[in-house]
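275 is the number that this note's numbering gives to position 11 of the sequence shown; each next residue is one higher, with no gaps. Even glycine gets a Cβ: it sits at the ideal position worked out from N, Cα and C. Predicted model, so just to flag it, every value in this text is computed and none were measured. Here's the structure we're looking at; comments come further down.
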Amino acid sequence: MNSGKFDDRRAALLALREELEGLAATNAQDRKIVELDQQSVGRLSRMDALQGQAMAQETMRRRALELKRIEAALARIEDDEYGYCAKCGEEIVSARLDLDPMAALCAGCAR
């Protein structure tokens, strides 16, 4: 793979990282602990608020995992290991990296 392609992939990964970090900042309010006045809010409203909080927390957990995958891919680019399977060392086909630029395994090892 050529370094120009790596520059494009690096730029795409950096943009994705920035987008995910921005989303995390805007959704911080949704993850806060739900504190509702038991007297003024009904049971269904409390359940709805708790469910919304749980969904926001799960979304944040998934974003954190994506950010780790992005950081790992960026590290592989810096170490000149990007595009090669972390398990068998074979080159990862470009089509796989087009679909998932964070892929660390070739299709065979990923199965």
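The alpha helix (DSSP H) enclosing residue i, as first and last residue numbers
i	result
residue 369	Taken as a continuous stretch (DSSP letters only), residue 369 belongs to no alpha helix (DSSP H), as it is neither H nor E.
residue 359	358-363
For residue j and residue i, the rounded distance between their alpha carbons
i	j	result
residue 352	residue 326	27 Å
residue 324	residue 370	28 Å
residue 373	residue 349	8 Å
residue 347	residue 274	12 Å
Nearest-angstrom beta carbon gap, residue j and residue i [assumed within contact, 8 Å]
i	j	result
residue 366	residue 328	Their Cβ separation, rounded to whole angstroms, is 14 Å, which puts residue 366 and residue 328 out of contact at 8 Å.
residue 356	residue 270	In fact, because the Cβ distance is near 13 Å, the residues do not count as touching under 8 Å.
CB of residue i within 8 Å of CB of residue j, strictly
i	j	result
residue 407	residue 334	In the structure as shown, the chain starts at 265 and stops at 375, and residue 407 therefore has no counterpart that could be examined.
Going along the chain, which unbroken runs of the alpha helix (DSSP H) with 4 or more residues stay wholly within the region 271-295?
-> List check, alpha helix (DSSP H) in window: 292-295.
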